[in-house]
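*Asks:*
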Amino acid sequence: MTEAAAQDRGPLLETPRLRLRPWRVSEAGVLRELWSERDPRVPPHRRIDAQGRPTLDELEDSIRANRPSSVGLLAIERKAIPGVIGYCGLVASGRGTAGEPELAFELLRQTWGCGYATEAAWVVLDWARSSGYEQLWATVWDWNTASRRVLAKVGFTETDRREVHRDIGTTLFTRRQL
Numbered sequence: 001m002t003e004a005a006a007q008d009r010g011p012l013l014e015t016p017r018l019r020l021r022p023w024r025v026s027e028a029g030v031l032r033e034l035w036s037e038r039d040p041r042v043p044p045h046r047r048i049d050a051q052g053r054p055t056l057d058e059l060e061d062s063i064r065a066n067r068p069s070s071v072g073l074l075a076i077e078r079k080a081i082p083g084v085i086g087y088c089g090l091v092a093s094g095r096g097t098a099g100e101p102e103l104a105f106e107l108l109r110q111t112w113g114c115g116y117a118t119e120a121a122w123v124v125l126d127w128a129r130s131s132g133y134e135q136l137w138a139t140v141w142d143w144n145t146a147s148r149r150v151l152a153k154v155g156f157t158e159t160d161r162r163e164v165h166r167d168i169g170t171t172l173f174t175r176r177q178l
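Laid out in structure tokens, this is it:
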């Protein structure tokens, strides 16, 4: 599948500063950089392992199959500066209520603190609403104060549900009505 055909497989969302669109195979390096930048408290299966996996080739294959992580995760690029800086979108992880996708986002460290995650989340919430979803949920580690702040800014509230992981922290479950 060509890069252009891959780009035509999903939505194009825009904000004044950002464009969210399907991933291109040539951007697999950004996904790998995101994997390598993850906090050491993130579970091992979500970080580069001792064998160097996922490899760049595996991530390229994943994009070709339209699975950067899950259907609905869109590459984020700034309109004024070339290059992908992360992702934002909806995933069906199976951890929440049936028919309610999870909001997910992750950005390269060099772009943290600029409001891009919040801006991307707002446009994805609008996309979800226009797609007929009435409620979304999101999970976040208790120690991830920056992501908790983004979720609060876009209207997510914590629920009573938590998953405690002795070695890596507690997963908090949040919800938002659309």
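Mapped onto full-length UniProt numbering, the consecutive letters of the sequence shown carry residue numbers 1 to 178. Quick reminder that beta carbons are idealized off the backbone N, C-alpha and C, glycines included. Note that this is a predicted model, so its numbers are computed, not measured.
(1) Use the C-beta contact count for A80: other C-beta atoms within 10 angstroms, 16 or more gives buried, fewer gives exposed.
(2) Give the C-beta separation of G86 and L34 to the nearest angstrom, bearing in mind that I take them to be a contact with Cβ-Cβ under 8 Å.
(3) State the start and end residues of the unbroken alpha helix (DSSP H) segment that holds A120.
(4) State the start and end residues of the unbroken beta strand (DSSP E) segment that holds A146.
(5) Taking DSSP's pairing of strands, which residues face T174 in a bridge?
(6) Taking 9 Å as the cut-off, decide whether the C-beta atoms of A90 and E102 are in contact.
(7) Using the Cα positions of V124 and T139, report the straight-line distance between them to the nearest angstrom.
(8) On a Cα-Cα basis, can you pick out the residue from T118, V164, D160 that is closest to A152?
(9) Skipping 5 residues on each side, what residues in its chain have a beta carbon closer than 6 Å to that of I177?
(10) Nearest CA to the CA of E37: which residue from T111, A121, R148, E100?
(11) How far does the beta strand (DSSP E) with V91 in it reach, from first residue to last?
(12) What does the Cβ neighbour count give for V164, buried or exposed, with the cut at 16 atoms within 10 Å?
(13) Check G99 in the structure and name its three-state DSSP category.
(14) The alpha helix (DSSP H) with A50 in it runs from where to where?
(15) Tell me where the beta strand (DSSP E) around R21 begins and ends.
(16) According to DSSP, is I63 helix, strand or coil?
*Replies:* On the basis of the data shown:
(1) Per the 10 Å Cβ criterion, exposed.
(2) Yes, G86 and L34 are in contact; Cβ-Cβ is about 7 Å, under 8 Å.
(3) For A120, the enclosing alpha helix (DSSP H) begins and ends at 116-130.
(4) Note, A146: premise wrong, no beta strand (DSSP E); alpha helix (DSSP H) at 145-153.
(5) For T174, which the question treats as bridged, DSSP gives the partners A138, E158.
(6) At residue 90 the sequence reads Leu, which differs from the Ala that was named. A contact, by the Cβ cut-off of 9 Å.
(7) T139 has its alpha-carbon roughly 16 Å from the corresponding atom of V124.
(8) Each of T118, V164, D160 was checked against the Cα of A152, and the nearest Cα belongs to T118.
(9) With the sequence shown as reference, residue 177 is identified as Gln, and Ile is not the correct amino acid for it. Contacts found: Q135.
(10) For E37, the closest C-alpha among the options T111, A121, R148, E100 is that of T111.
(11) Counting along the chain, V91 sits inside the beta strand (DSSP E) bounded by residues 84-91.
(12) Classification for V164: exposed.
(13) Three-state result, G99: coil.
(14) A50 -> no alpha helix (DSSP H), and no H or E assigned at all.
(15) 18-21 is the span of the beta strand (DSSP E), which, as asked, contains R21.
(16) In the structure shown, I63 sits in a helix (DSSP, three-state: H, G or I).
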